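Numbering (the numbering used here), first residue to last: -5 to 316.
Quick reminder that beta carbons are idealized off the backbone N, C-alpha and C, glycines included.
Small disclaimer: the values here were computed from a predicted structure and weren't measured.
If you want it as structure tokens, here you go:
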């Protein structure tokens, strides 16, 4: 119900953004259009464009360029998904086959490149150097985050600080860029701009922390991926970092071995260890802390339906695990 209230706040704009996305996906190359439409239409919460709509209007924006900015953010996000799935050799996302599973790696990478290029075309149309600066920087940081994650695949020695750096760059950065550019588009004052930028960062961290919990306590049908996918790929996330630090020596060695080899042979045992060690509760505490920090960043904004929706969004961020 809360999630529906958030979307209802910008329902008309959200529909117009979807129309714009489909319009700007057009290409003279049929396969480009087919793959791009497949991934764009495959569902998802569209949280990042939602943040553009909410943050810009919470800061008083009353024109229409926020629609184009929201589409830019969605194209950037979709391009990263296409590339991520190739790197991770994923075959399922949001309950459907990934583009690389259907059409192969090369077309997926190249269509991801097309979406990046289309995003930057539209970015230029906004005629805002500060927005271009934020988004070009964010794109570089996200790419660095992907490389950092790749370097740490099958590395059981990843620290909590290193993990937080990876998820900031890989995930939270685009949340931050979405709410920050919304503030810039609205011409927000320094305090509001800083608050909206930090709101996106903390919200993005909260979402990723909860996603990492769901990998060990989620519902495959609801998530659109299988429980244990991160472990299968050898990804060391916070639940595993905490479980290794607080389990027995035998449990620590079992998790280290599972991370190093990847796969799911030891998943049932590791799920037990993660639950019993308190790793889920610890990770959720960290997620709630980030959500609370996000909500606190909104104090400089005047009361409005959009501000209220952004406050509700911080609650939704951590309500996916019960």
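- Look at the beta carbons and you see the region 20 to 35 touching the region 95 to 107: at least three pairs across the two are nearer than 8 Å.
- Contact annotation: residue 171 and residue 190 have beta-carbon atoms that are not nearer than 8 Å.
- Every unbroken stretch of the alpha helix (DSSP H) spanning 4 or more residues and falling wholly within the region 168 to 212 is given here in chain order: 184 to 211.
- The three-state reading of DSSP puts residue 58 in coil, since its state is none of H, G, I, E or B.
- For residue 286, the enclosing alpha helix (DSSP H) has its first and last residue at 273 to 290.
- The closest CA to that of residue 154, considering only 232, 202 and 121, is found on 232.
- Residue 83 is classed as exposed because its beta carbon has fewer than 16 other beta carbons within 10 Å across all chains shown.
- Listed in chain order, the non-local C-beta contacts of residue 252 below 7 Å within the same chain comprise 225, 260 and 264, local neighbours out to five positions each way being set aside.
- Out of 1, 22, 54 and 57, the CA that lies nearest to the CA of residue 43 is found in 1.
- Remark: C-beta atoms of residue 50 and residue 179 approach each other more closely than 8 Å.
- In the three-state reduction of the DSSP assignment, residue 91 falls in the strand class.
- Boundaries cannot be given for residue 315, as no alpha helix (DSSP H) includes it and DSSP labels it neither H nor E.
- Under the 8 Å Cβ criterion, the region 57 to 70 counts as touching the region 5 to 12, having at least three qualifying pairs.
- One alpha carbon belongs to residue 147, the other to residue 210, and they sit about 18 Å apart.
- Restricted to the region 16 to 72, the alpha helix (DSSP H) segments that are unbroken, complete and at least 4 residues in length are 24 to 34 and 41 to 52, listed in chain order.
- Within its own chain, the residues whose Cβ lies closer than 8 Å to the Cβ of residue 298, once the five positions on either side in sequence are excluded, are 51 and 52, listed in chain order.
- Cβ-Cβ distances below 8 Å link residue -1 to 303 and 306 in the same chain, with the five nearest sequence neighbours on each side left out; the list follows chain order.
- A direct Cα-Cα distance of roughly 26 Å separates residue 68 from residue 183.
- Spanning the alpha carbons of residue 246 and residue 237 requires a straight line of approximately 7 Å.
- DSSP places residue 139 in the uninterrupted alpha helix (DSSP H) bounded by 123 to 145.
- Counting along the chain, no alpha helix (DSSP H) covers residue 83, and no H or E run does either.
- Spanning the alpha carbons of residue 290 and residue 281 requires a straight line of approximately 14 Å.
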